[in-house]
Amino acid sequence: MMGLFDRFKSVRDAHGALKACGGDPFGVKMERVLSTTEAMIEGRRTILCGTNNYLGLTFDPDSVAAAQQAIADFGTGTTGSRIANGSYSGHQALEQDLADFYGKKHCMVFTTGYQANLGAISTLAGPNDFLIIDADSHASIYDACRLGSATVIRFKHNDPVDLDRRLARIANEPGNKIIVVEGIYSMLGDHAPLKEFVAVKKKHGAYLLVDEAHSMGVMGATGRGLLEAEGVDHDVDFVTGTFSKSMGAIGGFLISDHPEFDILRVACRPYMFTASLPPSIIASVRQSLAVLRAKPELMRKLWQNVDTLYNGLQAAGFKLGTQKGPVVAVHLTDPVLAGVAWNALLKRGVYVNLALPPATPSGTALLRCSVCAAHSTEQLQHVVSVLTEVGEEFGLLPQPALRIAA
Ligand code: PMP
């Protein structure tokens, strides 16, 4: 008989190879977090450049105070789901805040962003329906497809022509068609061509769901994300997102104007059968959303910082994603070499994300940096120079001649 864990052999081998070269992010322990941009790791002061803490709000004094007050007033947790234990006033207040922020009628708050996708996507699409998803979708979108009962069709990453072609093939099917894309892609950092996707959606009478996990608080004049930046707010049917990135906490949400939205509250299993967000998180997210609305300068600072990091790494000769944004991914191919380089960065006091398949498209290994509004220019220049040092040491710079010529 096969051993229970035998089927993980390839995963174990790959992980073992990474551990052997020191490239094991699970092994990283943040002994102390000194600020939004620095922590003590292995006794070393380390610049955090892989946190998704885009607006730097994890230590916002008002958000911290709001969370502390909520613990004092309501306790540490809700100890159950809303359908069983009822809601706390904060849950509804946050849903109202988010609906107002997006200018939509309805919002449901989930316990994580992962569950928001899991719940929204698996519940919206029924057994006769079609989910047409971008091939580079986040794991939560893939898992939602597996949880639900709809037929799943993948289209080529960010390719409206391929999406159109695939929708045309099912044009005579009576089921609903729901297109799922992301605003900013979490690993490569590229943006969906939303205007083009909206045109295709309209042509085929489909619905469009956009996961704005990495673009909320980052893009658009008021931070609503790519849909605001592209001026398609009214053409997107469902928006999901998370509080674990620009909001600096944890949790997720689903937004829509659909008149029958509220039925989801008693039909969506990843919403119904898990404990609701604790009051402290609700309070800190409400405060962080208020900060985002009151301080547009944070987003401006974030984008200045994006320029510093992206332009610096580009000038050094690294192969980066083609679209600029707060996810700045250095593209490599060999996972072990990426692990070695990642470890060398850590030893020099720079923390980035090591991103490998299946989180990345196959054949792509990334040193994924994420930019924070709270980074100083000096910190980001330091990150560029340490990455360059490591890049030279391990031969990661694909075009050194070009780099010298530039
Ligand atoms: N969607 C995308 C695109 C993500 O990148 C992530 C997390 N990295 C999620 C959803 C899940 O969010 P959370 O971590 O809040 O569960």
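Reminder that position 116 of the sequence shown reads as 116 in the UniProt record's numbering, one-by-one numbering, no gaps.
Each residue gets a CB set at the ideal place from its N, CA and C atoms; glycine is no exception.
This structure is a prediction, so every number in the text was calculated from the model and none was measured.
Are the CB atoms of residue j and residue i within a distance shorter than 8 Å?
i	j	result
Leu345	Val386	yes
Glu196	Asp134	no
Ala288	Ala249	Inspection of the sequence shows that residue 288 is occupied by Ser rather than by Ala. Taking 8 Å as the Cβ cut-off, Ser288 and Ala249 qualify as a contacting pair.
His187	Ala359	One detail in the question is off: residue 187 reads as Met in this sequence, not His. Contact flag set, yes.
Ala70	Ser280	yes
Gly231	Glu212	no
Thr242	Gly325	no
Arg286	Gly119	no
Val200	Leu163	yes
Tyr142	Ile178	no
Ile282	Lys104	no
His258	Asp237	yes
Gly217	Leu55	yes
Leu147	Val180	no
Cys268	Val328	no
Asp136	Tyr88	no
Leu320	His331	yes
Can we count residue i as close to the ligand PMP, meaning its CB is less than 7 Å from some heavy atom?
i	result
Gly113	yes
Asn158	no
Ala213	yes
Asn343	no
Ser280	no
Gly339	no
Ile133	no
His244	With the sequence shown as reference, residue 244 is identified as Ser, and His is not the correct amino acid for it. For the ligand PMP, at least one heavy atom lies less than 7 Å from the Cβ of Ser244.
His138	yes
Ser276	no
Ile250	yes
Asn53	no
Ser370	no
Ser284	no
Asn117	yes
Ser10	no
Measuring only the C-alpha atoms, how far is residue i from residue j?
i	j	result
Ala401	Leu309	Residue confidence for Ala401 is low, a pLDDT of 44 falling below 50, so the modelled location carries little weight and cannot support an answer.
Thr274	Thr151	26 Å
Glu389	Ser35	25 Å
Gly3	Ala93	50 Å
Asp24	Gly363	19 Å
Ala192	Val210	9 Å
residue 419	Cys372	Because the chain here runs from 1 to 406, residue 419 falls outside it and cannot be looked at.
Val291	Gly223	11 Å
Arg45	Glu31	10 Å
Glu392	Asp262	56 Å
Pro296	Met108	25 Å
Phe59	Leu167	45 Å
Lys301	Phe394	32 Å
Gly175	Val198	19 Å
Pro127	Ala144	13 Å
Ala26	Ala315	In the sequence as presented, Ala is not what sits at residue 26; that position holds Phe. Approximately 31 Å, taken between the alpha carbons.
Pro335	Thr51	21 Å
Ser149	His375	44 Å
His234	Arg82	30 Å
Where do the ends of the alpha helix (DSSP H) carrying residue i lie?
i	result
residue 408	Here the chain has residues from 1 to 406 only, and residue 408 is not among them.
Asn311	296 to 316
Ser197	In the sequence under discussion, the amino acid at residue 197 is Phe, which differs from the Ser named in the question. Element bounds for Phe197: 194 to 204.
Gly339	335 to 347
Gly241	Looking at the DSSP string, Gly241 is not in any alpha helix (DSSP H); the run it does join, the beta strand (DSSP E), is 238 to 242.
Glu392	377 to 393
Tyr114	113 to 124
Got a sec, what are the start and stop residues for the beta strand (DSSP E) residue i sits in?
i	result
Asn85	Counting along the chain, Asn85 falls outside any beta strand (DSSP E), though it belongs to the alpha helix (DSSP H) covering 82 to 85.
Thr151	151 to 155
Ser370	365 to 370
Report yes or no: do three or more beta-carbon pairs, one from the region 353 to 367 and one from the region 332 to 342, lie closer than 8 Å? Yes, the region 353 to 367 touches the region 332 to 342.
Evaluate contact between the region 99 to 115 and the region 257 to 274, counting only Cβ atoms and requiring at least three cross-stretch pairs below 8 Å. Taking one beta carbon from each stretch, the region 99 to 115 and the region 257 to 274 have 3 or more pairs nearer than 8 Å; the two touch.
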